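The opening residue of the sequence shown carries number 415 in the numbering used here; numbering runs sequentially from there.
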Amino acid sequence: MSALTAEGTRRATSPLHLVNFHNPESIKTCKVFSDADMGGFSRVHFDWIPPSGNPNPTPSENKNGHVKFHGNISIDLPPNRPQIQRSGYAAWRTLDQPSTIFGKSLWNIDPYALLALRIKSDGRKYFVNIQTESIVPTDIHQHRLYARRPGEWETVLIKWNEFVRTNHGVVVEPQGEMLRQKLCVERIWATNGLTEEDLEEDGREEEGQLKSKHGANIRWSEEKAGKPPS
Numbered sequence: 415m416s417a418l419t420a421e422g423t424r425r426a427t428s429p430l431h432l433v434n435f436h437n438p439e440s441i442k443t444c445k446v447f448s449d450a451d452m453g454g455f456s457r458v459h460f461d462w463i464p465p466s467g468n469p470n471p472t473p474s475e476n477k478n479g480h481v482k483f484h485g486n487i488s489i490d491l492p493p494n495r496p497q498i499q500r501s502g503y504a505a506w507r508t509l510d511q512p513s514t515i516f517g518k519s520l521w522n523i524d525p526y527a528l529l530a531l532r533i534k535s536d537g538r539k540y541f542v543n544i545q546t547e548s549i550v551p552t553d554i555h556q557h558r559l560y561a562r563r564p565g566e567w568e569t570v571l572i573k574w575n576e577f578v579r580t581n582h583g584v585v586v587e588p589q590g591e592m593l594r595q596k597l598c599v600e601r602i603w604a605t606n607g608l609t610e611e612d613l614e615e616d617g618r619e620e621e622g623q624l625k626s627k628h629g630a631n632i633r634w635s636e637e638k639a640g641k642p643p644s
């Protein structure tokens, strides 16, 4: 399924699917990393789970294949490496898309207002990081991943313009607008539409650990899902 990108048309009429894990080969398109790469003690796994055989799957089951990201986080520092002062992280990301004869292959999500993710969470705090091809290659756009029904499958919607531009964990000023024509790293899919299930999502606001250059906490906020995206 592809997005409508005709000249003069800003708003797409169908979702642009970026990543799914419906088949076991799909995990080869992703990379898992943690503090173990620098001698830490966290352990992380990225396993493909086959679809549920239940013809009427429960909210905790999935009729499609998917991946399970799990493991154990340790904040213990690696011995004999005094230059490492913080530890305790794990993440996964999509690999760069194969190059074409025209150069680097990137996603153009400019016609879309929202990022949609289909998840089942354990209720802990997670972040979604977005990288674009920009002047500063180490810039990362970040947003909290809010799960409202831990233990059940749900759709999470995030507005592209609510991502916060960061560099090495610190908010960058001025923020500027995300370069949405050249998206490098993503998770699930982009969309403009809200289904009946999406409309059941509620809003929330919370302070996170991400700080501005002045040391102030960043407040994450989401509009009511029933409101049109800005």
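Backbone N, C-alpha and C define an ideal beta-carbon position, used for all residues, glycine too. These figures come from a predicted structure and were not determined experimentally.
Rounded straight-line distance, which links the Cα of residue j to that of residue i
{"i": "A450", "j": "P496", "result": "16 angstroms"}
{"i": "L509", "j": "T552", "result": "16 angstroms"}
{"i": "I554", "j": "I544", "result": "6 angstroms"}
{"i": "K585", "j": "V578", "result": "The displayed chain sequence assigns Val, not Lys, to residue 585. Cα to Cα, the separation comes out at about 7 angstroms."}
{"i": "N522", "j": "P512", "result": "15 angstroms"}
{"i": "G479", "j": "P471", "result": "13 angstroms"}
{"i": "S456", "j": "S428", "result": "40 angstroms"}
Which of helix, strand or coil DSSP assigns to residue i
{"i": "S448", "result": "strand"}
{"i": "K534", "result": "strand"}
{"i": "N575", "result": "helix"}
{"i": "I441", "result": "helix"}
{"i": "N543", "result": "strand"}
{"i": "R650", "result": "As shown, the chain starts at 415 and ends at 644. That puts residue 650 outside it, with no answer to give."}
{"i": "H557", "result": "strand"}
{"i": "R457", "result": "strand"}
{"i": "I487", "result": "coil"}
{"i": "K482", "result": "strand"}
{"i": "L528", "result": "strand"}
Residue i versus the options, residue with shortest Cα-Cα distance
{"i": "G517", "options": "V458, R562 and E547", "result": "E547"}
{"i": "H431", "options": "Y526, V586 and P469", "result": "Y526"}
{"i": "V458", "options": "D524, G485 and F435", "result": "G485"}
{"i": "I498", "options": "V433, M452, W574 and K442", "result": "M452"}
Residues of its chain near residue i, where Cβ-Cβ distance is below 6 angstroms and the 5 sequence neighbours each way are ignored
{"i": "C444", "result": "W506 and T508"}
{"i": "I572", "result": "L529 and H557"}
{"i": "S501", "result": "D449, G454, I489 and L491"}
Neighbourhood of residue i by C-beta distance below 8 angstroms, restricted to the same chain and skipping five residues each side
{"i": "N582", "result": "Here the sequence assigns His to residue 582, which means Asn is not the residue at that position. For H582, where only same-chain residues beyond five positions count, the Cβ hits under 8 angstroms are T552."}
Cβ neighbours of residue i in the same chain (closer than 7 angstroms, five flanking residues each side left out)
{"i": "G537", "result": "A561 and P564"}
N-terminal and C-terminal residue of the beta strand (DSSP E) that residue i is part of
{"i": "W506", "result": "A504 to T508"}
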